[in-house]
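Working notes, structure below.
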Amino acid sequence: MADSAIFAKKPELPLAQHKFAALNGTPEQRKEALQKLVEGIKLDKMAVFYSRLVDEGILKEDKALVAELEKASTAELVALDKKVEEAKEEHGDLEQNESCIHRAVFLAQIGEDDKAHEAYEEILQRPTTTLNQKLDIVFGKLRLGLFYYRPQLIQKEIDRAHELVNKGGDWDRRNRLKAI
């Protein structure tokens, strides 16, 4: 079964707060927010998110950092793709789902939100995905909606989570939905 803890912090919502502070804070807040943004981007190998911030004029481009982030994220994606293929060849449906979930979470982590949404949706449509895995995926998609501030997506996923919880979600996921 998928470990719900992998969904707990990806993408890191404080990074969205730091982005907001970098745009709207006092000069001191902006400086601190920019520093924390770069630290978080490096920690999570967020090449795509970094490029967005550069395009938006929030950060200045550092080609060496971009190359480093892309190299690290590509290497990890290759390893995750290998695990997905290995799970398809050697393991059962639950292990395949779990390896695909890990890949989708990593895509969300690095800032590939569209690809992460597609990967999450693919897993949701599988008949072998358990109800709790589906709820965890919906919560992961909610985090993406919150991180990139997409109110329509947030509402859609909250509605989807209510439907799934009514079908029999466990108490932990029911409580998480209530907290949202």
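Just add 161 to the spot in the sequence shown (first one is 1) and you have our numbering.
Don't be surprised by glycine CBs; every beta carbon is placed ideally from N, CA and C.
In this text, all values refer to a predicted model and were calculated from it rather than measured experimentally.
Asked, Found
"Other residues of its chain near residue 173: CB distance less than 7 angstroms, five sequence neighbours each side excluded", "201, 205"
"Continuous alpha helix (DSSP H) stretch holding residue 287: start and end", "That residue, residue 287, is in no alpha helix (DSSP H); it is neither H nor E in DSSP."
"Within 9 angstroms, strictly: CB atoms of residue 142 and residue 309", "Residue coverage of the chain in this structure runs from 162 to 341, which leaves residue 142 outside it and unanswerable."
"Between the CA atoms of residue 270 and residue 339 - distance to the nearest angstrom", "24 angstroms"
"Three-state class that DSSP yields for residue 219 in the structure shown", "coil"
"Complete runs of the beta strand (DSSP E) confined to the stretch 200-277 [at least 3 residues]", "none"
"Segment contact flag, the stretch 225-245 with the stretch 254-267, C-beta cutoff 8 angstroms, min 3 pairs", "yes"
"Beta carbon of residue 305 nearer than 9 angstroms to that of residue 322", "no"
"Contact check, residue 180 vs residue 214, beta carbons under 9 angstroms", "yes"
"Supposed close pair residue 294, residue 341 - CB separation, criterion 8 angstroms", "Going by Cβ atoms, the distance from residue 294 to residue 341 rounds to 18 angstroms, so no, they are not a contact pair."
"Local conformation of residue 281 per DSSP, three classes", "helix"
"Reduced DSSP secondary structure (H/G/I, E/B, other) of residue 301", "helix"
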